[in-house]
Ligand code: 13P
Ligand code: SF4
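Residue numbers (the numbering used here): 2 to 326.
Here is the structure:
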């Protein structure tokens with residue numbers, strides 16, 4: 002057995018249900034190198050729930066949804082943060098850790114929601130709806146956050162909107178999340194036509210067919226799905242809320258209406274649960290790979306920087322969100 006296979010044997014044991022044995026030698030060498038580089042650089046890896054199982058389970062120090070990654074990024078005891086996720090997540094980590102080096106293994110890991118809106122769009126909306134507070138989804142650039150009053154994630158959108166105590170808010174850029182939250186809260190929400198390219202592809206008739214084909218299945222949907230899809234689900238919540246649902250309720254058969262790696266990562270902890278697996282891949286999340294994480298740590302690239310002219314205001318919007326409990 003090679004040294005790397007030896008060192009990573011216990012990690013393989015953890016993921017063997019979702020990674021076939023013939024694939025492991027391809028991963029073992031990079032995992033071994035990344036574990037060593039993390040010690041040398043005093044680095045931690047933060048990984049989103051949509052990262053592939055070998056990243057999520059074998060090199061990540063902190064995992065979670067966007068909200069957990071933002072919260073956990075604060076006060077992390079390290080010199081370097083590697084964000085295994087998409088660019089807006091790395092920017093949020095940098096906003097909350099201005100003194101630390103934040104690296105993203107592939108700077109092209111974007112997001113269709115973040116790409117759907119610009120700071121100028123928000124300034125125009127403010128002119129059109131004077132005095133109406135602007136709630137910005139964290140899936141946006143720091144420049145867009147800087148134009149908003151407060152951020153939210155799918156894990157706290159309801160609480161954030163309710164915390165404002167007003168009858169009308171602007172919520173950007175995810176139209177479906179905004180519609181889902183408007184229905185939950187009764188607050189009038191002015192929306193923007195941004196969509197997640199992964200979740201907008203699910204349909205209500207697809208869910209009905211899957212229920213017929215898989216009797217007793219419990220359906221959990223991400224709130225970035227269209228409202229008619231959420232209406233077909235038994236529960237809607239952020240990726241961490243879906244994961245907690247399986248942890249606490251242990252359904253015999255479950256269908257996660259979200260990105261493909263979610264089921265793999267939850268399945269690692271739940272061999273007793275049957276996962277029905279239609280899913281859509283996020284091409285941006287999938288840009289992050291073990292070799293790119295290794296190169297990021299070896300070469301200390303790609304460092305995330307934020308224009309100081311926007312960082313202060315963007316940080317304020319994120320910190321206001323984190324203060325809502
Ligand atoms: P969560 O905050 O629920 O993890 O969602 C992030 C995301 O990008 C979902 O598509
Ligand atoms: Fe963006 Fe959708 Fe990918 Fe999440 S899954 S990063 S919202 S494109």
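Where a beta carbon is used, it is the ideal one built from N, C-alpha and C, also for glycine.
Whether residue i touches residue j by CB criterion (8 Å)
i           : j           : result
residue 48  : residue 56  : yes
residue 134 : residue 116 : no
residue 199 : residue 283 : yes
residue 147 : residue 315 : yes
residue 9   : residue 29  : yes
residue 183 : residue 189 : yes
residue 106 : residue 83  : yes
residue 96  : residue 312 : yes
residue 289 : residue 85  : yes
residue 276 : residue 305 : no
residue 98  : residue 266 : no
residue 285 : residue 153 : no
residue 299 : residue 280 : no
residue 42  : residue 81  : yes
Same chain, Cβ closer than 8 Å to residue i, five either side skipped, listed in chain order
i           : result
residue 178 : 138, 155, 158, 172, 224, 225
residue 292 : 31
residue 3   : 26, 29, 30
Distance cut-off 7 Å: residue i Cβ against heavy atoms of ligand 2
i           : result
residue 126 : no
residue 260 : yes
residue 285 : yes
residue 264 : no
residue 198 : yes
residue 114 : yes
residue 225 : yes
residue 139 : no
residue 87  : yes
Residue i: CB within 7 Å of a non-hydrogen atom of ligand 1
i           : result
residue 185 : no
residue 68  : yes
residue 206 : no
residue 244 : no
residue 155 : yes
residue 93  : no
residue 142 : no
residue 240 : yes
residue 50  : yes
Integer Cβ distance of residue i from residue j, believed to fall under 8 Å
i           : j           : result
residue 186 : residue 163 : 6 Å
residue 274 : residue 251 : 7 Å
residue 237 : residue 222 : 5 Å
residue 60  : residue 294 : 6 Å
residue 143 : residue 92  : 5 Å
Contacts around residue i, its chain only, beta-carbon distance under 6 Å, and the 5 residues preceding and following it disregarded
i           : result
residue 228 : 180, 181
residue 233 : 205, 208
residue 174 : 114, 117, 118, 193, 195
residue 169 : 133, 189
7 Å CB neighbourhood of residue i in its chain, flanking five on each side removed
i          : result
residue 90 : 49, 67, 70, 84
Next item on the list: Enumerate, from N- to C-terminal direction, the unbroken alpha helix (DSSP H) stretches of 4 or more residues contained entirely within the region 58 to 108.
Entry: 67 to 74, 88 to 97
Checklist line | Segments assigned alpha helix (DSSP H), at least 4 residues, entirely inside the region 221 to 247 | finding: 228 to 233
Next item on the list: Pick out the complete alpha helix (DSSP H) segments inside the region 175 to 221, 4 residues or longer, and give them in chain order.
Entry: 176 to 186, 205 to 214
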